[in-house]
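Residue 1 is where the sequence shown starts when you use our numbering, and the numbers rise one by one after that.
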Amino acid sequence: MFHQEYESPTELKEAIKCFWYTDKDFGDGYADFEVVPDGYAEIIFQFSEMSLLDTSGLSKPMPSPFMVGLLNQPLIFRVKGRMQVIGVRCYPWTVFDLLELPVGKDSVKQFNHPITALYTVIEKFVENNEPERAIDTLKSFFLNYHVSVRATDATLFKAGNSLTENKGSVGVSSVAEAAHATVRTLERKFKQATGHTVKDVAGLMRFEQVRNRLWSEPKVNLAQLANEVGYADQGHLTREFKRYSGTTPAAFTRKAKLRQESYGDDFVAFVQS
Numbered sequence: 001m002f003h004q005e006y007e008s009p010t011e012l013k014e015a016i017k018c019f020w021y022t023d024k025d026f027g028d029g030y031a032d033f034e035v036v037p038d039g040y041a042e043i044i045f046q047f048s049e050m051s052l053l054d055t056s057g058l059s060k061p062m063p064s065p066f067m068v069g070l071l072n073q074p075l076i077f078r079v080k081g082r083m084q085v086i087g088v089r090c091y092p093w094t095v096f097d098l099l100e101l102p103v104g105k106d107s108v109k110q111f112n113h114p115i116t117a118l119y120t121v122i123e124k125f126v127e128n129n130e131p132e133r134a135i136d137t138l139k140s141f142f143l144n145y146h147v148s149v150r151a152t153d154a155t156l157f158k159a160g161n162s163l164t165e166n167k168g169s170v171g172v173s174s175v176a177e178a179a180h181a182t183v184r185t186l187e188r189k190f191k192q193a194t195g196h197t198v199k200d201v202a203g204l205m206r207f208e209q210v211r212n213r214l215w216s217e218p219k220v221n222l223a224q225l226a227n228e229v230g231y232a233d234q235g236h237l238t239r240e241f242k243r244y245s246g247t248t249p250a251a252f253t254r255k256a257k258l259r260q261e262s263y264g265d266d267f268v269a270f271v272q273s
């Protein structure tokens, strides 16, 4: 499997965390991939025969592009043959403004936007094994589409910076203080911009830190990790981890050990089930 992340241009850093490309070939076979919740929204361009599986096992063919919003449980995608995916990892408080779309809480969303016209251009680069040119095309689009990605209201960006710097391990009142806003004002603006509360996003960001540590350090002490990340105790960490991942930290680490050879130390968006 090949996976590469590409840094966001300076002008886009407050809206887009990074761009990425993943490529894995299964020949004529099928493979299921799990997308685990984290603190980001992803714009996904996929160049595969990909479908989303629901809880009953039924599949829904996926368009390209589509958006994966903030999740409260994992999603399972099924791919046939070669999976090639390009993603744009966005902050949840910027993605709807970035695309000028109405705010929603859908976990997976198809959308109409000028960016969809890039599909055929990007597809040619992907077919020619030139993912860097595909990524550069997306970067140029966002740089030209918005003179500035900064919203007129800086409250969200200050709040987002506080959440990011503290990796979700921060209380709502502290985020409001960093954003120079009252808790009530911050919550209202945050909900309007993301469809979620500050606490929702902070919880996902904190879970992401635990997930990444367990992936890269399967033998990490859970009680110590709970203290580092800001959970009340190990039991609190375990409950929150199971809430978002559907499994226990111990079961996750067992899978992580088996997946290390294919994926390396960095957790990727699409992980084979």
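All residues carry an ideal CB built from backbone N, CA and C; glycine is no exception.
Which ranges would you report for the alpha helix (DSSP H) in the segment 104 to 155 if only whole runs of at least 4 residues count? 119 to 127, 131 to 145
Nearest to residue 9 by alpha carbon, out of 237, 191, 88? Numbered from its first residue, the sequence shown carries residue 9 at position 9. The option with the nearest alpha carbon to residue 9 is 88.
Output the distance between the C-alpha atoms of residue 223 and residue 239, rounded to the nearest integer angstrom. Along the sequence shown, one-based indexing puts residue 223 at 223. Along the sequence shown, one-based indexing puts residue 239 at 239. Taking the straight line joining both Cα atoms gives about 13 Å.
Do you know offhand how far residue 127's Cα is from residue 27's? Working through the sequence shown from its first residue, we reach residue 127 at position 127. Working through the sequence shown from its first residue, we reach residue 27 at position 27. If I take the Cα positions, the gap works out to 16 Å.
Is the separation between the beta-carbon of residue 76 and that of residue 42 shorter than 7 Å? Here residue 76 refers to the residue found at position 76 when the sequence shown is read from its first residue. Here residue 42 refers to the residue found at position 42 when the sequence shown is read from its first residue. No. Outside cutoff.
Buried or exposed: where does residue 37 fall if 16 or more other Cβ atoms within 10 Å of its Cβ makes it buried? Residue mapping note: residue 37 aligns to position 37 of the sequence shown, counting from 1. The residue is buried, with at least 16 neighbouring Cβ atoms inside 10 Å.
Between residue 85 and residue 31, which are expected to be in contact by the criterion C-beta below 8 Å, what is the C-beta distance as a whole number of angstroms? On the sequence shown, position 85 is the one that residue 85 refers to. On the sequence shown, position 31 is the one that residue 31 refers to. Not quite, the Cβ-Cβ distance comes to about 13 Å (not below 8 Å), so this is no contact.
Quick one: what's got a C-beta closer than 6 Å to residue 257's C-beta in the same chain, skipping five residues either side? Here residue 257 corresponds to residue number 257 of the sequence shown, with the count starting at 1. Once the five neighbours on either side are set aside, the close Cβ partners of residue 257 are 218.
Report the residue from 144, 71, 46 whose alpha carbon sits nearest the alpha carbon of residue 194. Counted from its first residue, the sequence shown places residue 194 at position 194. It is 71 whose Cα lies nearest to the Cα of residue 194.
Pick out whichever of 134, 160, 214, 83 has its Cα sitting closest to the Cα of residue 186. Here residue 186 is taken as the residue at index 186 of the sequence shown, counted from 1. With distances taken between Cα atoms, residue 186 lies closest to 160.
Would you mind working out which of 139, 155, 167, 52 sits nearest residue 183, comparing C-alpha positions? Residue mapping note: residue 183 aligns to position 183 of the sequence shown, counting from 1. Ranking the options by Cα distance to residue 183, first place goes to 155.
Shortest alpha-carbon distance to residue 157 belongs to which of 175, 145, 140, 4? Numbered from 1 along the sequence shown, position 157 holds the residue referred to as residue 157. Scanning 175, 145, 140, 4 for the CA closest to the CA of residue 157 turns up 175.
On the premise that residue 66 lies in contact with residue 95, defined as a C-beta separation below 8 Å, what is that separation, rounded to the nearest angstrom? As a first step, residue 95 must be located in the sequence shown, where it is residue number 95. As a first step, residue 66 must be located in the sequence shown, where it is residue number 66. In fact, because the Cβ distance is near 13 Å, the residues do not count as touching under 8 Å.
For residue 104, count neighbouring C-beta atoms within 10 Å of its own C-beta (all shown protein chains included) and say buried if the count is 16 or more, exposed if not. Against the sequence shown, residue 104 aligns to sequence position 104. It is exposed - the Cβ of residue 104 has fewer than 16 other Cβ atoms within 10 Å.
Buried or exposed: where does residue 181 fall if 16 or more other Cβ atoms within 10 Å of its Cβ makes it buried? Counting from 1 along the sequence shown, the entry for residue 181 is found at position 181. Looking at its Cβ environment, which holds 16 or more other Cβ atoms inside 10 Å, residue 181 is buried.
Give every residue of the same chain whose Cβ lies closer than 8 Å to the Cβ of residue 206, excluding the five residues on either side of it in the sequence, and list them in chain order. What you label residue 206 is simply residue 206 of the sequence shown in a count that begins at 1. 167, 168, 169, 229, 230, 231, 240, listed in sequence order.
CA nearest to the CA of residue 204, picked from 192, 245, 144, 227: As a working mapping, residue 204 is identified with position 204 in the sequence shown. For the residues 192, 245, 144, 227, the minimum Cα distance to residue 204 belongs to 245.
Using a 10 Å radius around the Cβ and a threshold of 16 neighbouring Cβ atoms, would you call residue 121 buried or exposed? Against the sequence shown, residue 121 aligns to sequence position 121. With fewer than 16 other Cβ atoms within 10 Å, it is exposed.
Identify whether residue 277 lies in helix, strand or coil by the three-state DSSP scheme. The displayed coordinates of the chain run from 1 to 273. Any statement about residue 277 would go beyond what the structure contains.
Between which two residues does the beta strand (DSSP E) harbouring residue 46 extend? The sequence position of residue 46 within the sequence shown is 46, counting from 1. Its beta strand (DSSP E) spans residues 41 to 46.
With 16 other Cβ atoms within 10 Å as the buried cut-off, status of residue 148: Taking the first residue of the sequence shown as 1, we reach residue 148 at position 148. Low confidence applies to residue 148: its pLDDT is 47, below 50, so where it sits in the model is not reliable, and the reading given next is rough at best. Residue 148 should be labelled exposed.
Identify, in the order they occur along the chain, each residue of the same chain with its Cβ nearer than 8 Å to the Cβ of residue 12, setting aside the five sequence neighbours on each side. The count along the sequence shown starts at 1 and reaches residue 12 at position 12. The residues are 139, 142, 143, 149.
What residues in its chain sit with their C-beta under 8 Å from that of residue 123, if we drop five residues either side in the sequence? Translated into positions along the sequence shown, residue 123 becomes position 123. So the qualifying residues of the chain are 47.
In three-state terms, what does DSSP make of residue 195? Against the sequence shown, residue 195 aligns to sequence position 195. Coil at residue 195, not helix or strand.
Taking all protein chains shown into account, do 16 or more other C-beta atoms lie within 10 angstroms of the C-beta of residue 214, making it buried, or fewer, making it exposed? For the purposes of this step, residue 214 is taken as residue 214 along the sequence shown, with counting starting at 1. Of the residues assessed, residue 214 falls on the buried side of the cut-off, its CB having 16 or more other CB atoms within 10 angstroms.
Does the separation of the CB atoms of residue 61 and residue 51 fall below 7 Å? Here the question's residue 61 lines up with position 61 in the sequence shown. Here the question's residue 51 lines up with position 51 in the sequence shown. Yes, they are a contact pair.
Would you tell me roughly how many angstroms separate the C-alpha atoms of residue 151 and residue 254, rounded to the nearest one? For the purposes of this step, residue 151 is taken as residue 151 along the sequence shown, with counting starting at 1. For the purposes of this step, residue 254 is taken as residue 254 along the sequence shown, with counting starting at 1. Confidence at residue 151 is low in this model, with a pLDDT of 48, below 50, so the placement of that residue is unreliable and no value is reported for it.
To the nearest angstrom, report how far apart residue 251 and residue 270 are at their CA atoms. Here the question's residue 251 lines up with position 251 in the sequence shown. Here the question's residue 270 lines up with position 270 in the sequence shown. Taking the straight line from one Cα to the other gives about 18 Å.
Counting along the chain, where does the alpha helix (DSSP H) carrying residue 97 start and finish? In the sequence shown, residue 97 corresponds to position 97, counting from 1. Counting along the chain, the alpha helix (DSSP H) containing residue 97 begins and ends at 95 to 99.
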